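S.K.: First to last, the sequence lines map onto chains A and B.
The numbers in UniProt numbering rise by one with no breaks, and the one at position 81 of the first sequence is 81.
The numbers in UniProt numbering rise by one with no breaks, and the one at position 231 of the second sequence is 231.
A virtual CB, placed ideally from N, CA and C, is assigned to each residue, including glycine.
Quantities reported herein were computed from a predicted structural model and do not represent experimental measurements.
Have a look at the structure that comes next, please.
Protein chains: 2
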Amino acid sequence: MAIAYQGHILFTKQPDRFEIHENGVVIVDEGKILEVLEALPENREGLEIFNMGDRLIVPGFVDLHFHAPQFPNLGLGLDKELLPWLEDYTFPEEAKYSDMEYAESVFTRVAREIWRQGTTRVVLFSSVHKESTELLMSIFDRAGLGAYVGKVNMDRNCPDFLVENTEASIEATRAWLESTKDKYPRVKPLITPRFVPTCTSELMRALGDLAEAYDVPVQTHISENQAEVEWVKELHPESADYTSVYEDHGLLGDRTVLAHCVFNTEAEIAKMAALGVFAAHCPNANYNLASGIMPVRQFLNAGVKVGLGTDVGAGHKVSIASVMSTAIQASKIAWLNSDRTLAPLTTSEAFYLGTKGGGAYFGKVGSFEPGYEFDALVIDDHRLGVTEGRTLEERLQRFLYIGDDRDIVTRFVSGDEILEPSM
Amino acid sequence: MAIAYQGHILFTKQPDRFEIHENGVVIVDEGKILEVLEALPENREGLEIFNMGDRLIVPGFVDLHFHAPQFPNLGLGLDKELLPWLEDYTFPEEAKYSDMEYAESVFTRVAREIWRQGTTRVVLFSSVHKESTELLMSIFDRAGLGAYVGKVNMDRNCPDFLVENTEASIEATRAWLESTKDKYPRVKPLITPRFVPTCTSELMRALGDLAEAYDVPVQTHISENQAEVEWVKELHPESADYTSVYEDHGLLGDRTVLAHCVFNTEAEIAKMAALGVFAAHCPNANYNLASGIMPVRQFLNAGVKVGLGTDVGAGHKVSIASVMSTAIQASKIAWLNSDRTLAPLTTSEAFYLGTKGGGAYFGKVGSFEPGYEFDALVIDDHRLGVTEGRTLEERLQRFLYIGDDRDIVTRFVSGDEILEPSM
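Structure, rendered in structure tokens:
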């Protein structure tokens, strides 16, 4: 039986404008969009109807970069840059995830907060620990949210209490892929070398081979910080640039997502576009760690696929709506810094990045076009101000800038209504 | 009878560090701080004791720049720069405040939202309308919040439906000062030329005279946008710079607050320091209107008094806590843009700006030193994560980055507990 959701429907088929259906209807069948109509059809046989009234129905938010074990550090240690921040806050916290009880208490809160903020699909870093990574996957499966989850690999340049033996890291990853690849419908594993400085060539090559053998995607970091970029040059003089290090180890392709991309060269951007690599733009984290501003417009102009990431915990906001407004703000500074050559992001472009842009990493996700998964949020914006005389685009813009989790009344993933994860 | 508030007490006597009293006691008498103690005194006679438990007690937030009539535009129109944004959003909205019923409905919501977000003192722009400005003052008086409120003056370069006749503007301002100067204990008028482009020399000079005659402070805008700075140069070739235009009309002194200060020259900054002029840093607005980043460190190095402003409606956040984290983020980009010469703001510095820094505009406000007004917030941060193992400074930092109005449980102004303003 198909389902009809009535309400004000907004989504971005393309970045430069919203598709808007005032008092429209989205028809969903088996969790997927059949079509969006201006009104209920004449023939309503076999159609279950839910009327959301004067509310906004929009695609669920997609977060391409989130470190689950860093959640307890949210809003802490942000007077530091990347490398000292890793030493002082991140690595000590990540060491705790050998303790399954601790992992369960944190990851349950992570799932609940991601649910609360309206994110319906997320690409997660776990820690190096195989067991707690499996636990994280089971918690997201139980929550009903869509996720790629990565067991982190690192076998150099990190503290003794976290560093992996190369062989053991590869074997644990293989065993974990075996046990989780087909275990859950919406939660899948992906290969996750932390970043070049913490992974030997041997490890990276083996991970590239595993990604190919098991046909799973890849996530990692790139060019977040200038000192990091210099370090990678020293570590890998044999590769043309940072992006090429990943390429040279079989880790770069159309299912790879690279977080940050603040300092990529034009050649790297062109390569990312040519190979279909995704960029995860994480403006809050890039501000907080004093890294810089990713020139998003340059990536969009080059045809790179771009989505948004919260980068919890370097980013302090779990809400992708908040990341959208921060991305717009950052793009305005990038515009000023570029002699006004890199045009600022518009509201519809930022919304696109946080829905369909990142959603493409999951398949047909993040839009309400026919065939797309029905991942959706129902938003009641009456708390935020007067609605009379406001266009629907203004009402959505206002929610993105000043709304929060209190305004999201219902969430759907692949057509299923998702209730608050139990604790 | 003196009152003792027990709890975790944090404030910034100076910018570079927090004063922290774990399980401390702040003693308040007649609305003012007597002292802060490590524990309850032996002799508790004549002392009423309130135990706030495992909560944080911090100074109330101070907002140096807020346009009350722009509140309905919160989160709207932010794909525009300053001058078109004024034309398309701000001026049409401000015209509505000749309607007292409309004004009352908006200003009541303004007071409630400012209360909700923990701001205890605010410097407000009203509109050009004398009657609704008086209404705004009475609403803030009834709410119990501290405020300076300005009837806006403008007699050129603004739409017909808002422009004032010069003489009428001066006379309305004089009458308004007469009627409100001594009317309320915590709500006071201040002289408010909108900014140079909208005020003739004749008007500015008369407003300078009124400020002196009635001994009231002054607020206005300066150097928010490059096009605006150029325009002011064309309008006033006789003055050395933008700051001098205000000085030349008797509007610059130690009770003047200038909002924005993105493009002030070194000479202007030195003059502001010498005269004791306040700068209101409004990073959200400067981002949203693509203006730029105020180099706050330069002002602090020069000894200028700096506070924070939300600049609602160009700024979309009413929370000064949120402005603090945005100010820190902006200062990190200013650091990168200045070849790492302008050091980023630390958390304690941003907190200082949003409490004692701006509070100085109101007298002894924004700190818990003896003699200061007891303006305070009680914060319950247990919603935000585990508190065990966290320092009090980390707990406050976390609230500033990820907390919101839900975490503020009580507010005080001059010793009075302030309840939610009625609608």
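Mind listing the chain B neighbours of Gly75/A? Cutoff is C-beta to C-beta under 9 Å, in chain order.
M.R.: The count along the first sequence starts at 1 and reaches residue 75/A at position 75. Near Gly75/A (Cβ distances below 9 Å), the residues of chain B are Ser325, Leu384, Gly385, Glu394, Gln397, Arg398, Phe399, Leu400, Tyr401, Ile402 and Gly403.
S.K.: Taking Ser132/B and Ala103/B to be in contact with their CB atoms under 8 Å, please state how far apart those CB atoms are, rounded to whole angstroms.
M.R.: Walking along the second sequence from the start, residue 132/B turns up at place 132. Walking along the second sequence from the start, residue 103/B turns up at place 103. Between Ala103/B and Ser132/B the Cβ distance is about 4 Å, and since that is below 8 Å, they are a contact.
S.K.: With 7 Å as the limit, tell me which residues of the region 344 to 356 of chain B have their beta carbon closer than that to any beta carbon of chain A; keep them in chain order.
M.R.: Result list: Pro344, Thr346 and Thr347.
S.K.: At a Cβ cut of 7 Å, what residues of the region 275 to 306 of chain B count as close to chain A, listed as they run along the chain?
M.R.: So the close ones are Tyr287, Asn288, Ala290, Gly292 and Ile293.
S.K.: Is the region 410 to 419 of chain A in contact with the region 373 to 385 of chain A, if contact means three or more CB pairs nearer than 8 Å?
M.R.: Yes, they touch.
S.K.: Step through the CB atoms of chain A and report whether any lies within less than 8 Å of the CB of Trp85/B.
M.R.: As a position in the second sequence, residue 85/B is number 85, starting the count at 1. For Trp85/B, the answer is no, since every Cβ of chain A falls outside 8 Å of its Cβ.
S.K.: Apart from the five residues on each side of it in sequence, which residues of its chain come closer than 6 Å, Cβ to Cβ, to Pro283/B?
M.R.: On the second sequence, position 283 is the one that residue 283/B refers to. These residues qualify, in order along the chain: Thr326, Ala327 and Ala330.
S.K.: Assuming residue 442/B contacts Leu74/B (C-beta within less than 8 Å), just tell me the rounded distance between them.
M.R.: As shown, chain B starts at 1 and ends at 423. That puts residue 442/B outside it, with no answer to give.
S.K.: How about Lys80/A: is its C-beta nearer than 8 Å to some C-beta of chain B?
M.R.: Within the first sequence, numbered from 1, the residue matching residue 80/A stands at position 80. No, its Cβ sits nowhere closer than 8 Å to a Cβ of chain B.
S.K.: Could you give the DSSP three-state label for His382/A: helix, strand or coil?
M.R.: Stepping through the first sequence from its first residue, residue 382/A is reached at position 382. His382/A: helix per DSSP, three-state reduction.
S.K.: Would Glu92/B pass as a contact of Val149/B if the rule is Cβ separation under 8 Å?
M.R.: What you label residue 92/B is simply residue 92 of the second sequence in a count that begins at 1. What you label residue 149/B is simply residue 149 of the second sequence in a count that begins at 1. Note on residue identity: the sequence assigns Pro, not Glu, to residue 92/B. No, the Cβ-Cβ distance between Pro92/B and Val149/B is not below 8 Å.
S.K.: Around the C-beta of Leu419/A, are 16 or more other C-beta atoms found within 10 angstroms, so that it is buried, or is it exposed?
M.R.: The count along the first sequence starts at 1 and reaches residue 419/A at position 419. Per the 10 Å Cβ criterion, exposed.
S.K.: Within this structure, are the beta carbons of His236/A and Val229/A separated by less than 8 Å?
M.R.: Locating residue 236/A in the first sequence gives position 236, counting from the first residue. Locating residue 229/A in the first sequence gives position 229, counting from the first residue. Contact: no.
S.K.: Strictly below 8 Å CB to CB, what residues from chain B border Leu336/A?
M.R.: Counted from its first residue, the first sequence places residue 336/A at position 336. Within chain B, the residues near Leu336/A are Ala290 and Gly292.
S.K.: Just to make sure I have the definition right: I need the residues of chain A whose C-beta is within less than 9 Å of the C-beta of Pro72/B. Which are they?
M.R.: Within the second sequence, numbered from 1, the residue matching residue 72/B stands at position 72. Correct list: Gly385 and Val386.
S.K.: Could you tell me if Asn153/A is buried or exposed, where buried requires 16 or more neighbouring beta carbons within 10 angstroms of its beta carbon?
M.R.: By one-based count along the first sequence, residue 153/A stands at place 153. Buried.
S.K.: If you follow the alpha helix (DSSP H) that Leu177/B is in, where does it begin and where does it stop?
M.R.: For the purposes of this step, residue 177/B is identified with residue 177 of the second sequence, where counting begins at 1. Unbroken alpha helix (DSSP H) run through Leu177/B: Thr166 to Thr180.
S.K.: Flag Gln329/B as yes if its beta-carbon sits less than 8 Å from any beta-carbon of chain A, otherwise no.
M.R.: Translated into the one-based positions of the second sequence, residue 329/B becomes position 329. At least one chain A Cβ lies under 8 Å of Gln329/B.
S.K.: Select from the region 204 to 221 of chain A all residues with a C-beta closer than 7 Å to any C-beta belonging to chain B, and list them in chain order.
M.R.: From the region 204 to 221 of chain A, no residue has a Cβ closer than 7 Å to chain B.
S.K.: What do you get for Ser422/B, buried or exposed, if any count of 16 or more other CB atoms within 10 angstroms of its CB means buried?
M.R.: For the purposes of this step, residue 422/B is taken as the residue at position 422 of the second sequence. The residue is exposed, with fewer than 16 neighbouring Cβ atoms inside 10 Å.
S.K.: Give the secondary structure of Glu22/B by DSSP, where H, G and I count as helix, E and B as strand, and everything else as coil.
M.R.: By 1-based counting over the second sequence, the position of residue 22/B is 22. It is a strand residue.
S.K.: Just verifying my parser: in three-state terms, what is the DSSP assignment at Met294/A?
M.R.: Indexing the first sequence from 1 puts residue 294/A at position 294. In the structure shown, Met294/A sits in coil (DSSP, three-state: anything other than H, G, I, E or B).
S.K.: List the residues of chain B whose Cβ lies closer than 9 Å to the Cβ of His316/A, in chain order.
M.R.: For the purposes of this step, residue 316/A is taken as the residue at position 316 of the first sequence. Simply Ser325, Arg398, Tyr401 and Ile402.
S.K.: Could you name the residues of the same chain whose beta carbon sits closer than 7 Å to that of Met1/B, not counting the 5 residues immediately before and after it, in chain order?
M.R.: The residue you call residue 1/B lines up with position 1 of the second sequence. Result list for Met1/B: Gly46 and Glu48, in chain order.
S.K.: To which residues of the same chain is Gln117/A closer than 6 Å at the C-beta, ignoring the five residues directly before and after it?
M.R.: By one-based count along the first sequence, residue 117/A stands at place 117. Val318, Ser319 and Asp405.
S.K.: Along the beta strand (DSSP E) that carries Glu35/B, what are the first and last residues, could you check?
M.R.: Mapped onto the second sequence, residue 35/B falls at position 35. Here the beta strand (DSSP E) through Glu35/B covers Lys32 to Leu37.
S.K.: Give the secondary structure of Leu10/B by DSSP, where H, G and I count as helix, E and B as strand, and everything else as coil.
M.R.: As a first step, residue 10/B is located in the second sequence; it is residue number 10 there, counting from the start. Strand at Leu10/B.
S.K.: What whole-angstrom Cβ distance do Phe278/A and Tyr361/A have, given they're in contact under 8 Å?
M.R.: Position 278 of the first sequence, counted from the start, is the residue given in the question as residue 278/A. Position 361 of the first sequence, counted from the start, is the residue given in the question as residue 361/A. Indeed they touch by this definition, with Cβ atoms about 6 Å apart.
S.K.: Take Tyr214/B as the anchor and find which of Phe161/B, Asp79/B, Glu202/B and Asp182/B has the nearest alpha-carbon.
M.R.: Looking up residue 214/B in the second sequence gives position 214. For the residues Phe161/B, Asp79/B, Glu202/B and Asp182/B, the minimum Cα distance to Tyr214/B belongs to Asp182/B.
S.K.: Could you please tell me which residues of the region 18 to 33 of chain B, in chain order, have their CB closer than 9 Å to any CB of chain A?
M.R.: Hits within the stretch: zero.
S.K.: Restricting to runs no shorter than 3 residues, where is the beta strand (DSSP E) found entirely within the region 58 to 121 of chain A?
M.R.: Runs of the beta strand (DSSP E) inside the region 58 to 121 of chain A: 61 to 67.
S.K.: Hey, Leu145/B and Arg186/B are a contact pair by Cβ (cut 8 Å); roughly how many whole angstroms apart?
M.R.: Within the second sequence, residue 145/B is the residue found at index 145, counting from 1. Within the second sequence, residue 186/B is the residue found at index 186, counting from 1. With 8 Å as the limit, Leu145/B and Arg186/B qualify as a contact, their Cβ atoms being about 7 Å apart.
S.K.: With 16 other CB atoms within 10 Å as the buried threshold, where does Ser291/B fall?
M.R.: One-based indexing of the second sequence puts residue 291/B at position 291. Buried.
S.K.: Let me check understanding here. Comparing Cα to Cα, which of Asp54/A, Pro15/A and Glu42/A lies closest to Val386/A?
M.R.: Here residue 386/A refers to the residue found at position 386 when the first sequence is read from its first residue. Among Asp54/A, Pro15/A and Glu42/A, the Cα nearest to that of Val386/A is on Asp54/A.
S.K.: To which residues of the same chain is Arg395/A closer than 7 Å at the C-beta, ignoring the five residues directly before and after it?
M.R.: As a position in the first sequence, residue 395/A is number 395, starting the count at 1. Result list for Arg395/A: Leu56, Asp381 and Thr387, in chain order.
S.K.: Less than 8 Å between the CB atoms is what I'm expecting for Gln219/A and Thr200/A, so what's the real figure, rounded?
M.R.: As a first step, residue 219/A must be located in the first sequence, where it is residue number 219. As a first step, residue 200/A must be located in the first sequence, where it is residue number 200. So it is not a contact: roughly 19 Å between Cβ atoms.
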